[in-house]
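Visitor: Quick one: structure below, then a few questions.
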Amino acid sequence: MFAPQELPVSLLSVSPPVSHAGPRDVDSLIEDALQAPGGTRMLISVKGRADYLVWIVPTVDRSPFGTDDAVRHCQEFLRRDTESTLCLVFHACPPDGKAYLLVATRFTGLPCQSIQLPFIEPKHLEGPAAGWGKRRIPSWPPLLACCSRWEYSRVVYLFLGLLLVVILAICLLIHNSLRFDTSGSRGPQHQLRLTASNVSEWASTHLDGEGEWELRIDDQTMIPAQLLDDDEERHQQWFRHHYPETNEVRLTGDYVNESSLADPNAMKVPGDQRFHTAHCLLALRRYWKAKESGRHVCPVDLDYRHVEHCLDSLDRLVFLDTESPSSANGPDSMAGDWPMSLPWKTKVSDDHLEVFPADPAQIFYTEMSENDAREAVDSLKPQSYQTMHSPCTYAAWKEVPSTYFYCAKDAAIPLQVQRVMVEEWAHGYPIRTESVDASHSPFDSVPGEVAGAIRRAAGEDV
Numbered sequence: 075m076f077a078p079q080e081l082p083v084s085l086l087s088v089s090p091p092v093s094h095a096g097p098r099d100v101d102s103l104i105e106d107a108l109q110a111p112g113g114t115r116m117l118i119s120v121k122g123r124a125d126y127l128v129w130i131v132p133t134v135d136r137s138p139f140g141t142d143d144a145v146r147h148c149q150e151f152l153r154r155d156t157e158s159t160l161c162l163v164f165h166a167c168p169p170d171g172k173a174y175l176l177v178a179t180r181f182t183g184l185p186c187q188s189i190q191l192p193f194i195e196p197k198h199l200e201g202p203a204a205g206w207g208k209r210r211i212p213s214w215p216p217l218l219a220c221c222s223r224w225e226y227s228r229v230v231y232l233f234l235g236l237l238l239v240v241i242l243a244i245c246l247l248i249h250n251s252l253r254f255d256t257s258g259s260r261g262p263q264h265q266l267r268l269t270a271s272n273v274s275e276w277a278s279t280h281l282d283g284e285g286e287w288e289l290r291i292d293d294q295t296m297i298p299a300q301l302l303d304d305d306e307e308r309h310q311q312w313f314r315h316h317y318p319e320t321n322e323v324r325l326t327g328d329y330v331n332e333s334s335l336a337d338p339n340a341m342k343v344p345g346d347q348r349f350h351t352a353h354c355l356l357a358l359r360r361y362w363k364a365k366e367s368g369r370h371v372c373p374v375d376l377d378y379r380h381v382e383h384c385l386d387s388l389d390r391l392v393f394l395d396t397e398s399p400s401s402a403n404g405p406d407s408m409a410g411d412w413p414m415s416l417p418w419k420t421k422v423s424d425d426h427l428e429v430f431p432a433d434p435a436q437i438f439y440t441e442m443s444e445n446d447a448r449e450a451v452d453s454l455k456p457q458s459y460q461t462m463h464s465p466c467t468y469a470a471w472k473e474v475p476s477t478y479f480y481c482a483k484d485a486a487i488p489l490q491v492q493r494v495m496v497e498e499w500a501h502g503y504p505i506r507t508e509s510v511d512a513s514h515s516p517f518d519s520v521p522g523e524v525a526g527a528i529r530r531a532a533g534e535d536v
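According to the working numbering, the sequence shown is numbered sequentially starting from 75.
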């Protein structure tokens, strides 16, 4: 399978037993290791002068390296014998094609001081072993006995440190992968979220030519072109025809462009009611097809929480005179009905405790003077991040007579969305309306008109 390289390597131990002990080539060792679905651990000796532990385990990360690259890097690492550790991610050759993490580490100093020893079976520490020449290694109990109390403690701490490093490395490898429950269905288990930080690397290894991938406009998901069936193609043609500005993003390839992904204003997703309703119907269709066939195109197609959200959204759209199960929930329950192109640019603090608008003057105080807007912005206080996702247990406006101000210049909630909120979501409830030519904060910009509206709501004839 690979070009042979002359490097004296002896396999001393392997778990699970996917290969036989004795003199081997690096390429055959790696090839055999890939046969174990859950990963492989090997103890090897090189040229009778150095001992290594090698792990090869599956990973969800992406890499430009193939199996040949892994063999070459591993051979160079073993031949140089100057570094203590090698770590790389590579993809197996077809038909496997999976990604694997290879870690090779060399014993240094006395064997009894090595943090890798707890992983080695005692029988493989009893020499002489194949490839070790005349050298003998004491059995397991003497090894432990040769370590002082201080040395044993150091072994424990070093092992815990290595374990922490491995955990952190795994977190870094998979932090961009979205996971869904795909049990009982055949198809990918993870969905990679492309960002400005990873899109260039991903594109360099996955976008070799045109026509390999298709973009589902409604949920911005890339899928292999061969998985786009006639039914899905028909629906995507509808989105392309009715939303040409979004189709332009597809045609130009901006959705895999680093600068476009880095600019939150570069691309907008249409947020009208028709777009969201069409997406929800298509999401329900994908869910049904996946459940019926036992195969899914994308793992998000089986996300029951998204399906529940779509059902609730359609419930509110059709049954206007009844209360849907989610009608009392907070803003998150209605997020799909809001235009995704709202100019609200939210910054979330690192601890996810508070939110603050990126440009409050342009969002809240568009018609105020610069000085007045600055004073108003300075008086703003952070808003709890949890209000975006916490359920509302009591919608008072359903029982208490209320007045809603239609703000014609509102840059946070466009006028058409305000009308949907009052005339559709709150249809049938006692809500009066007043219209003002103001931004999101009429009590700051037109206080006189607000005062008059309050007096009228109280019953005065003004």
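Don't be surprised by glycine CBs; every beta carbon is placed ideally from N, CA and C.
Between the C-alpha atoms of Trp129 and Pro90, what's the straight-line distance to the nearest angstrom?
Guide: Cα to Cα, the separation comes out at about 11 angstroms.
Visitor: Whose C-beta lies closer than 6 angstroms to the C-beta of Pro475 among residues of the same chain, with five residues either side of it excluded?
Guide: Within the same chain, Pro475 has close Cβ partners Pro504.
Visitor: Less than 9 angstroms between the C-beta atoms of Asp106 and Val120, yes or no?
Guide: Contact: no.
Visitor: Inspect the beta-carbon positions of Leu175 and Pro132 and report whether they are closer than 9 angstroms.
Guide: Yes, the pair counts as a contact, with Cβ atoms nearer than the cut-off.
Visitor: Using the C-alpha atoms, what's the distance from Arg493 back to Ala409?
Guide: Note that Ala409 scores a pLDDT of 41, beneath 50, so its modelled location is shaky; the value from the coordinates is reported in the next line. Ala409 and Arg493: Cα-Cα distance of roughly 16 angstroms.
Visitor: So, for Leu355: in the same chain, excluding its five sequence neighbours on each side, which residues have a beta-carbon less than 7 angstroms away from its beta-carbon?
Guide: Around Leu355: no qualifying Cβ.
Visitor: Can you tell me which of the three DSSP states Asp446 falls into?
Guide: Helix.
Visitor: Pro298: buried (16+ other C-beta within 10 angstroms of its C-beta) or exposed?
Guide: Classification for Pro298: exposed.
Visitor: Any idea what DSSP makes of Tyr174, helix, strand or coil?
Guide: Reduced to three states, the DSSP call for Tyr174 is strand.
Visitor: Given a cut-off of 9 angstroms on the beta-carbon distance, is the pair Ser260 and Arg369 in contact?
Guide: Checking the sequence shown, residue 260 turns out to be Arg, not Ser. Yes, the pair counts as a contact, with Cβ atoms nearer than the cut-off.
Visitor: Express the C-alpha separation of His94 and Leu582 in angstroms, rounding to a whole number.
Guide: Since the first and last residues shown for the chain are 75 and 536, residue 582 lies out of range.
Visitor: Please identify the residue among Gly171, Phe151, Arg146 and Tyr329 whose C-alpha is closest to the C-alpha of Asp135.
Guide: Comparing Cα-Cα distances from Asp135 to each of Gly171, Phe151, Arg146 and Tyr329, the minimum goes to Gly171.
Visitor: Taking the C-alpha atoms as reference points, what is the distance between Ile437 and Val451?
Guide: Straight-line Cα distance between these residues: approximately 10 angstroms.
Visitor: Looking only at C-alpha atoms, which of Leu117, His147, Ala166 and Gly113 sits nearest to Arg98?
Guide: When each option's Cα is compared against that of Arg98, the closest is Leu117.
Visitor: Please say whether Ala512 and Glu523 have beta carbons closer to each other than 9 angstroms?
Guide: Going by C-beta atoms, Glu523 is nearer than 9 angstroms to Ala512.
Visitor: Quick one: Cα of Pro318 to Cα of Asp292, how far?
Guide: Cα-Cα distance, rounded: 12 angstroms.
Visitor: State the start and end residues of the unbroken alpha helix (DSSP H) segment that holds Asp101.
Guide: Per DSSP, Asp101 belongs to the alpha helix (DSSP H) from Val100 to Ala107.
Visitor: With DSSP collapsed to three states, give me the class of Ile291.
Guide: Three-state result, Ile291: coil.
Visitor: In the DSSP assignment, find the alpha helix (DSSP H) that holds Gln149 and state where it starts and stops.
Guide: Counting along the chain, the alpha helix (DSSP H) containing Gln149 begins and ends at Thr141 to Arg154.
Visitor: Answer yes or no: do Tyr478 and Arg506 have a C-beta to C-beta separation smaller than 9 angstroms?
Guide: Yes, Cβ-Cβ distance for Tyr478 and Arg506 is below 9 angstroms.
Visitor: With distance defined between alpha-carbon atoms, name the residue in Leu454, Ser278, Gln265 and Phe313 nearest to Asn331.
Guide: Answer by Cα proximity: Ser278.
Visitor: Which residues in the same chain as Leu376 place their Cβ atom closer than 7 angstroms to its Cβ, once the five residues preceding and following it in sequence are excluded?
Guide: So the list reads Phe254, Asp255, Thr256, Ser259, Tyr361, Ala364 and His370, once near-sequence residues are dropped.
Visitor: Helix, strand or coil for Ser400? Go by DSSP, reduced to three states.
Guide: Since pLDDT at Ser400 reaches only 46, below the 50 mark, its modelled position is unreliable, and the value read off the structure follows with that caveat. Reduced to three states, the DSSP call for Ser400 is coil.
Visitor: Write down the C-beta distance between Lys483 and Thr440 rounded to the nearest angstrom, noting that I regard them as a contact closer than 8 angstroms.
Guide: So it is a contact: roughly 6 angstroms between Cβ atoms.
Visitor: Here's the rule: buried if 16 or more other CB atoms are within 10 angstroms of the residue's CB, otherwise exposed. What is Thr141?
Guide: Burial call: buried.
Visitor: Is it buried or exposed for Tyr378, if we count other Cβ within 10 angstroms and need 16 for buried?
Guide: By the 10 Å Cβ count, Tyr378 comes out exposed.
Visitor: Near Cys161, what residues of its chain come up, given a Cβ to Cβ distance below 6 angstroms and the 5 sequence neighbours on each side ignored?
Guide: Excluding residues within five positions, the ones whose Cβ falls inside 6 angstroms are Val177.
Visitor: Quick one: what does DSSP say Phe313 is sitting in, helix, strand or coil?
Guide: Here Phe313 sits in helix by DSSP.
Visitor: Which same chain residues end up closer than 6 angstroms to Phe517 when comparing Cβ atoms and leaving out the 5 residues on each side of it in sequence?
Guide: Closer than 6 angstroms at Cβ, skipping near neighbours: Val524.
Visitor: How many angstroms separate the CA atom of Val145 from the CA atom of Asp337?
Guide: Their backbone Cα atoms lie some 40 angstroms apart in a straight line.
Visitor: With respect to the beta strand (DSSP E) encompassing Arg529, which residues constitute its N-terminal and C-terminal limits?
Guide: Here Arg529 belongs to no beta strand (DSSP E); instead the alpha helix (DSSP H) covers Pro521 to Ala531.
Visitor: Would you report the Cα separation of Phe193 and Leu301, rounded to the nearest angstrom?
Guide: For Phe193, the predicted model reports a pLDDT of 45, less than 50, meaning its position is unreliable; a value from the coordinates is still stated below. For Phe193 and Leu301, the distance between alpha carbons rounds to 43 angstroms.
Visitor: Can you grab the Cα-Cα spacing for the pair Pro488 / His514, in whole Å?
Guide: Computed Cα separation, rounded: 9 angstroms.
Visitor: Could you spell out where the alpha helix (DSSP H) holding Gln347 opens and where it closes?
Guide: Segment Gln347 to Ser367, the alpha helix (DSSP H) holding Gln347.
Visitor: Which two residues bound the contiguous beta strand (DSSP E) that contains Thr269?
Guide: Counting along the chain, Thr269 falls outside any beta strand (DSSP E), and DSSP gives it neither H nor E.
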